[in-house]
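If you read the protein sequences in the order shown, they are chains Z and D. Everything in the first sequence is counted per the working numbering, starting at 8 for the first residue and increasing by one. Everything in the second sequence is counted per the working numbering, starting at 8 for the first residue and increasing by one.
2 protein chains.
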Amino acid sequence: MIAVQLQDGRVSVENARRPARRKGYALIGLRLGGICNTDLELKRGYYGFRGRPGHEFVGEVVSADDRNWVGKRVVGEINLACGMCEWCGRGLGRHCPARTVLGIVKHPGAFAEYLTLPESNLLEVPGSVTDEHAVFTEPVAAACEILEQVRFPSGQPVAVLGDGKLGLLIAQVLQAHSPTILYGRHRQKMAVAQAVGVEARLVGKRRPRREFDYVVDATGSREGFSAAMQMVRPRGTLILKSTVHGTVGIDTAPLIVDEITIVGSRCGRFKPALKLIKQGKLNLDPMIAARFRLAEAPKAFARAEERGTLKVLLDPGG
Amino acid sequence: MIAVQLQDGRVSVENARRPARRKGYALIGLRLGGICNTDLELKRGYYGFRGRPGHEFVGEVVSADDRNWVGKRVVGEINLACGMCEWCGRGLGRHCPARTVLGIVKHPGAFAEYLTLPESNLLEVPGSVTDEHAVFTEPVAAACEILEQVRFPSGQPVAVLGDGKLGLLIAQVLQAHSPTILYGRHRQKMAVAQAVGVEARLVGKRRPRREFDYVVDATGSREGFSAAMQMVRPRGTLILKSTVHGTVGIDTAPLIVDEITIVGSRCGRFKPALKLIKQGKLNLDPMIAARFRLAEAPKAFARAEERGTLKVLLDPGG
């Protein structure tokens with residue numbers, strides 16, 4: 008089968024063996040994959056990665072222990088957990104210390120004609136949800152995670168800083184819960200979120216200061232983090248959604264004097280994400296910037312790396 | 008009257024006019040004051056401070072609009088709030104944007120024979136509580152604030168890092184709620200907290216890693232902050248209780264991957280603090296390192312600045 012390979016900063020396509028299906032696992036044929044910023048970072052060698060990337064996907068089950076899965080269109084949670092530890096017992100397999108992670112940590116990714124995942128990780132995609140929408144389940148789940156960690160009152164205004172892929176999804180997901188204001192630099196991109204009711208504000212010289220009880224930083228930049236810190240009111244919460252490489256300098260004085268809370272936030276559960284997508288509450292079509300065949304993965308990655316590109320999809324057929 | 012003055016890094020004692028009592032305020036005769044690390048920082052010129060310091064005190068009301076206060080022994084909340092804004096309405100006068108702060112921000116401090124405070128800031132000290140204990144109400148309230156901000160289940164083990172004045176009080180306050188483990192470098196100091204049941208562990212080469220759901224950093228140092236971060240389990244909470252000067256470098260990757268929450272924490276309400284003190288749950292006597300007359304304030308500050316010194320008290324009589 009065709010599979011994407013990342014090594015030493017290069018993207019290549021190789022012929023690989025179809026992965027062996029272990030007990031309790033499903034063999035899944037890829038229908039569509041999505042390139043995430045994490046994939047671009049893996050390409051650059053962060054986390055010492057080399058291997059097969061891909062964790063945003065929708066596929067079709069080819070074989071499984073439970074034959075009911077066969078032929079089903081599925082998405083799958085990306086953390087492969089032990090199922091036995093304290094974390095797994097608390098429904099937090101995504102923090103299982105023994106976990107591997109699809110296309111990120113020690114489990115071959117979805118950018119191949121076939122992948123495997125534990126059956127317990129799978130969710131069936133409702134018939135009304137297209138592949139092009141279902142492929143967003145993973146990043147939408149990451150956005151939904153915020154609502155699981157920080158239970159802010161519905162109706163409370165929230166600010167999202169950053170109009171990249173994740174920022175646009177976060178703003179849309181939060182808008183389904185509370186009036187959301189997106190701060191970004193690109194009118195066109197922000198229009199995607201505006202379509203579902205998000206208020207868009209261009210980041211200008213005058214930054215809002217101490218204006219919001221809840222601020223989400225989805226910029227992935229040092230400057231974004233500082234700006235987000237300044238936007239939070241006393242006793243407010245700053246949700247940190249995208250990693251900044253290297254260390255970020257934090258002035259602890261305002262953090263303590265204003266009793267700010269900073270919440271790191273990563274992956275989320277797929278169920279609420281798929282529900283939001285099914286309800287048609289998100290404007291996903293304009294988030295797709297380009298679609299490439301799996302065999303064109305090097306081109307697809309190059310396109311995804313162009314500044315300001317939204318979602319680039321990988322199609323095994325095409 | 009005699010009053011302490013900080014200016015350009017120097018401590019002096021001056022003859023000053025007794026402060027005028029405004030409407031709604033009480034004039035209070037000092038009985039005992041306590042020197043806090045913040046006072047030492049004000050001396051060094053942080054926050055551009057010059058003037059009369061002192062925010063830890065117990066005193067006796069000399070005059071007040073409400074004559075019931077006269078003759079009462081009191082402690083007083085240090086934030087002088089407007090009483091009208093959203094914050095004040097929520098009982099969070101300590102975040103009132105118009106606030107002044109006793110001995111810190113635009114309100115002359117308690118290191119003088121007399122001070123003034125709004126009557127609404129005062130709490131009567133129960134007869135069974137000595138001056139030497141009552142003077143700890145403010146820092147004990149700061150420790151209690153943690154329990155107001157972070158509602159962790161009683162019985163959940165908590166780690167406190169740092170065996171300075173504040174760390175010792177925090178460990179004792181938390182121990183009244185949950186089994187608390189104090190990490191420090193000084194057996195003798197930690198013994199103060201051990202007396203009320205706190206488990207003391209010397210910080211050695213082997214740092215605990217990902218061991219606690221709740222960690223309080225009371226070190227005030229960069230190294231302490233990093234160590235505290237490493238002690239928190241995934242989805243855990245790090246409470247930041249003492250300011251580190253300059254910026255602290257934070258690696259956002261573990262913060263996000265492990266979904267850590269960082270909570271800045273400052274002043275607290277006096278009522279629960281005074282209650283804890285009255286109940287005799289805290290071991291305060293050995294926390295007093297020295298006692299000086301107000302006129303000896305320069306010596307008292309010098310002593311408080313010696314490394315490892317616990318609480319230094321200022322006595323207007325003596």
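C-beta atoms are modelled at their ideal positions from N, C-alpha and C, and glycine is treated no differently. These figures come from a predicted structure and were not determined experimentally.
| Query | Result |
| --- | --- |
| Against chain Z: residues of the stretch 262–285 of chain D by CB proximity under 8 angstroms | Leu262, Ile263, Val264, Asp265, Glu266, Ile267, Thr268, Ile269, Val270, Gly271, Ser272 and Arg273 |
| Delimiting residues of the beta strand (DSSP E) encompassing Asn22 of chain D | Arg17 to Asn22 |
| Closer than 8 angstroms to chain D by CB, Ala260 of chain Z | yes |
| Asn75 of chain D, DSSP secondary structure in three states | helix |
| Sequence-distant residues of its chain with Cβ nearer than 8 angstroms to Ser161 of chain Z (five each side left out) | His184 and Ser185 |
| Cβ contact check for the stretch 16–32 of chain Z and the stretch 305–317 of chain Z: 3 or more pairs under 8 angstroms | yes |
| Residue from D:Phe159, D:Gly100, D:Arg24 and D:Met197 with nearest C-alpha to Phe219 of chain D | D:Phe159 |
| Within chain D, partners of Arg242 of chain Z - CB distance below 8 angstroms | Leu99 and His102 |
| Leu168 of chain D at chain Z interface by Cβ criterion, 8 angstroms | no |
| Straight-line Cα distance separating Arg240 of chain D from Arg57 of chain D | 42 angstroms |
| Chain Z contact for Thr250 of chain D (CB, 8 angstroms cutoff) | yes |
| Neighbouring residues, chain D, relative to Leu247 of chain Z (Cβ below 8 angstroms) | Thr259, Leu262 and Ile263 |
| Exposed unless 16 or more other CB atoms sit within 10 angstroms - verdict on Tyr54 of chain D | exposed |
| Listed by chain order, chain A residues near Gln179 of chain Z by CB distance under 7 angstroms | This model lacks chain A altogether; the protein chains it does include are Z and D. |
| Same chain only: Cβ atoms within 7 angstroms of Trp76 of chain D, ignoring 5 sequence neighbours per side | Ala33, Val68, Glu126 and Leu129 |
| Residue nearest to Lys79 of chain Z in terms of C-alpha spacing, selected from Z:Gly41, Z:Val132, Z:Val251 and Z:Ala105 | Z:Val132 |
| Bounding residues of the alpha helix (DSSP H) (the contiguous stretch that carries Thr244 of chain D) | No alpha helix (DSSP H) holds Thr244 of chain D; the beta strand (DSSP E) holding it covers Val239 to Leu247. |
| Candidates D:Val199, D:Leu49 and D:Ala148, of which the one nearest Met294 of chain D by Cα | D:Val199 |
| Contacts that Gln156 of chain D makes with chain Z (C-beta to C-beta distance below 9 angstroms) | Arg242, Glu266 and Thr268 |
| CB of Pro104 of chain D within 8 angstroms of CB of Cys95 of chain D, strictly | no |
| Sub-8 angstroms separation of Ile9 of chain Z and Glu84 of chain Z beta-carbons | no |
| From Z:Tyr190, Z:Gln195 and Z:Thr316, residue whose alpha carbon lies closest to that of Gly211 of chain Z | Z:Tyr190 |
| Against chain Z: residues of the stretch 46–73 of chain D by CB proximity under 7 angstroms | none |
| Where the beta strand (DSSP E) containing Ile85 of chain Z begins and where it ends | Element bounds for Ile85 of chain Z: n/a, residue is neither H nor E. |
| Helix, strand or coil at Leu99 of chain D according to DSSP, with G and I counted as helix | coil |
| Any C-beta of chain D under 8 angstroms from that of Gly256 of chain Z | yes |
| Where Ile113 of chain D sits in the DSSP three-state scheme | Note on identity: in this sequence residue 113 of chain D is Lys, with Ile being the wrong assignment. In this structure, Lys113 of chain D counts as strand in the three-state DSSP scheme. |
| Between the CA atoms of Thr254 of chain Z and Val255 of chain D - distance to the nearest angstrom | 9 angstroms |
| The stretch 166–181 of chain Z contacting the stretch 255–269 of chain Z, beta-carbon criterion three pairs below 8 angstroms | no |
| Selected residue, minimal CA-CA separation from Val203 of chain Z, among Z:Gln286, Z:Ser228, Z:Glu230 and Z:Leu154 | Z:Gln286 |
| Per DSSP, cross-strand counterpart(s) of Val167 of chain Z | Z:Leu189 and Z:Val223 |
| Endpoints, beta strand (DSSP E) assigned at Phe299 of chain Z | Ile295 to Arg300 |
| Nearest residue (CA-CA) to Met197 of chain Z, options Z:Asn290, Z:Arg74 and Z:Val147 | Z:Asn290 |
| Range of the contiguous beta strand (DSSP E) that encloses Lys30 of chain D | Where Lys30 of chain D is concerned, there is no enclosing beta strand (DSSP E), given that its DSSP letter is neither H nor E. |
| Short Cβ contact (8 angstroms threshold) for Gly116 of chain D with Gly36 of chain D | no |
| Residues that Phe64 of chain Z bridges to, as DSSP identifies them | Z:Gly40 |
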